[in-house]
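Each residue of the sequence shown is one higher than the one before, starting from 1 at the first, in the numbering used here. Every residue, glycine too, gets a C-beta built ideally from N, C-alpha and C. All values derive from a computational prediction rather than experimental measurement. A quick write-up on the structure given underneath.
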Amino acid sequence: GPIFRDVEEGDRVESESNEFERLNYLFANNMKVTPFGKNKLPISWIRVSLSELISIPQVSYDWATQPKISQAYHKYGHLIIGKENDSNKYYIGIPDNTIRSKRTSSDIDKVVEFVLKEPRKSRNRLNGYWIAIM
């Protein structure tokens, strides 16, 4: 009956909160950013360091430490993580400055697209992020 269903719901919430504990902590404590302008995507973004990225259980060490990502981090000094509002879908943004013809493909596994940053002007020539699905 309904009593058992309540217990199962509770269990699921409990394990989920542990699974996302590290991500929840980062989203509560890290600097919030709006790299793509306001209201462009229903995703909240934060800045993270490479070591913070590595500390997330959902991110494999080998993926986070591949040369393309560590080079981008050392060049631009940050990475970003996005959380889809109202769901546990997360994204990783890797900063880059690419010309239009190079924006269609990345040699980084899991990357779905290159998204231009807003506003377009940038001090350090960064013009967007490769977005990977976590």
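Item	Value
Inter-residue Cα distance where the pair is residue 125 and residue 87	32 angstroms
Among 48, 37 and 83, nearest to residue 94 - alpha-carbon criterion	48
Nearest residue (CA-CA) to residue 91, options 103, 111, 110 and 134	134
Beta carbon of residue 35 nearer than 9 angstroms to that of residue 45	yes
Buried or exposed by the 16-neighbour rule on C-beta atoms within 10 Å, applied to residue 59	buried
Residue span of the beta strand (DSSP E) that contains residue 121, given as start and end	Neither: residue 121 is in no beta strand (DSSP E) and is coded neither H nor E.
Beta-carbon contacts of residue 118 that lie in its chain and below 6 angstroms, excluding the five residues immediately before and after	36 and 37
Under 9 angstroms between C-beta atoms of residue 22 and residue 51	no
Reference residue 108, options 130, 101 and 97, closest by Cα	130
Local conformation of residue 114 per DSSP, three classes	strand
3-residue-minimum beta strand (DSSP E) runs that sit fully inside the stretch 41 to 83, ordered along the chain	43 to 48
Top-ranked residue by Cα proximity to residue 79, from 30, 24, 104 and 19	30
Between the CA atoms of residue 66 and residue 96 - distance to the nearest angstrom	15 angstroms
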